[in-house]
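Step one of this worksheet: look at the structure below.
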Amino acid sequence: MTKDMTTGKITPLLISFTIPLVLGNLFQLMYNAVDSIIVGKFVGEDALAAVGTSNPLMTLIILFVSGLCMGAGVLISMQYGAKDYEKLELQLSSTLLGGIIFSVLISIISIIAAPALLRIMQTDESIMHIATVYLRIILMGLIFTFIYNFFANALRAMGDSKTPLYFLMISSVFNILGDLFFVVVLHWGSEGCALSTVISEALSSLLCILYIKQKIPVLCLGRRWFRFDKKAFYRTVQYGWTSAMQQATVQLGKLGIQAIVNTMGVAAMAAFAAVNRIDDFAYTPEQNIAHAMTSLLAQNEGAGRKERVREGFHCGMKIEIIYGIIVCIICFVFARPLMLLFVNDEEVVRHGVQYLHLIALMYLLPAATNGIQGYFRGIGDLKVTLWSSFINMGVRVLAAIPLVFVCKLGMAALPFAYLCGWFAMLIAEVPLLVSKLRENKA
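When we follow this note's numbering, the leftmost residue of the sequence shown carries the number 7, and every step to the right adds one.
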């Protein structure tokens, strides 16, 4: 069901909206992690390294699509909060039509360019073929990724974060079963994992469409889905492009780090693939809390409820900090058992544990930066999120180069490089945040 978040107590609203987002992304991460676990356990170290090398590039491409959906979600939240249903319908139909064309074009270009992109990332020739095939299969399902993200963001923008969760749960279970069937039974290797992921995404897209057709009248546009308004789509592109560039900047930073890791050898690459999955589980809920803040703040910004915007931000920041403390303790204490979930090789485990013991101590910083970004997205100021992310990733990669190649710190260099990036991001964001809060209070 959709929910009007311009009324009611903010703390229960934010928590009830956040929990399904967190669970949904944990399920999504789970079926991504299952790929790595099954590949690492049943296929081998080379295949795990290939999947790990492909994932940052795959995520970068997908983020251009999901960023478009996220930008549209901000506009949909504002229009839904303002009860402007005519603009809402045009926004929905124009984004869907334009997004389908865009995702198909990106998919075709990326499939053709996959080998060249992997070589730019310094991918070892011994795993190049495995990585290329895995990446191409995943990219064939990009249109399903767009359709699911579009409808999921539309539902969340209208206050319904539970329904996308249910569909992700179903597709996650289906993906795990598919992984086991294609890899363990048919012995299709990493290609089987990629195929299972694509089929699962198609299933979640289909479930979204069927649910909306039956249950959400405001999204049942019928033939009106074929209306295309240039101005509406241009607004989506403005918001979506900024959001996509912000996420792409983050992913480009990860690609830069991945390229540096690729010079350390296959053991370090396999360890980095595993810790990235663990890091995602730890870090993604912080992003989900921020996304919940975005939806709540955007609805209230659209309705002109400035006092609720401020209250929602303060509430969201408290939740971010509490979560950051909890995940810091878990990742530090259970670093070795977490690594052993993914791989058995002792050298790989040692690299991963060293990384996790350091990065766990720093999780409060991204908790703060995510909360601040949630605020700026909610009030429609996406340029701040773009530039602060650019500063974060730029400083992160620039710091990693001397720490790895001059100081010879190995995997231990990466958490310290991340620390430099997060501090730089806060230095850029906090003065703008204070200024905006004072401006809105006046």
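Think of the CB as a built atom: it goes at the ideal place given N, C-alpha and C, for glycine as much as any other residue.
Starting from the Cα of D166, find the closest Cα among I407, I25, M323 and give me that residue.
I25
Assign A274 to one of two classes, buried (16 or more other C-beta atoms within 10 Å of its C-beta) or exposed (fewer than that).
So A274 counts as buried.
So what's R316 in DSSP terms, helix, strand or just coil?
helix
Look up M134 in the DSSP assignment and say whether it is helix, strand or coil.
Looking at M134 - three-state DSSP - the assignment turns out to be helix.
Between V339, E95, V390, which has its C-alpha nearest F234's C-alpha?
E95
So, do the region 283-297 and the region 369-387 have three or more beta carbon pairs nearer to each other than 8 Å?
yes
Give the secondary structure of N350 by DSSP, where H, G and I count as helix, E and B as strand, and everything else as coil.
coil
Excluding the five sequence neighbours on either side, which residues of its own chain have a C-beta within less than 7 Å of the C-beta of T300, listed in chain order?
Cβ neighbours of T300 within its own chain (closer than 7 Å, five residues either side excluded): V80, G380, R383, G384.
Closer than 7 Å: is that where the CB of L174 sits relative to any heavy atom of the ligand MG?
The ligand MG is absent from the structure shown, which contains no ligands of any kind.
If contacts are defined as beta-carbon pairs under 8 Å, then V49 and V189 qualify, I think. What distance do you get, rounded to the angstrom?
7 Å
Classify T269 as helix, strand or coil using the three-state DSSP reduction.
coil
Going by the CB atoms, is the gap between L364 and I284 shorter than 8 Å?
no
Just mark V28 as buried or exposed, buried being the case when its beta carbon has 16 or more other beta carbons within 10 Å.
buried
I'd like the list of long-range same chain contacts for Q128, defined as Cβ closer than 8 Å, with 5 residues on each side in sequence excluded.
A265, N268, T269
Give the list of continuous alpha helix (DSSP H) stretches no shorter than 4 residues that lie fully inside the region 269-343.
272-308, 312-339
Does the beta-carbon distance from E197 to Y289 come in below 8 Å?
no
Apply the 10 Å Cβ neighbour rule to C413 and answer buried if 16 or more other Cβ atoms are within range, or exposed otherwise.
Exposed is the call here.
Rounded to the nearest angstrom, what separates V339 and Y91 at their Cα positions?
Cα-Cα distance, rounded: 50 Å.
How many angstroms separate the CA atom of Q244 from the CA atom of F187?
43 Å
Below 8 Å between beta carbons: does that hold for S109 and F152?
Yes. Within cutoff.
Put C199 into one of helix, strand or coil per three-state DSSP.
Looking at C199 - three-state DSSP - the assignment turns out to be helix.
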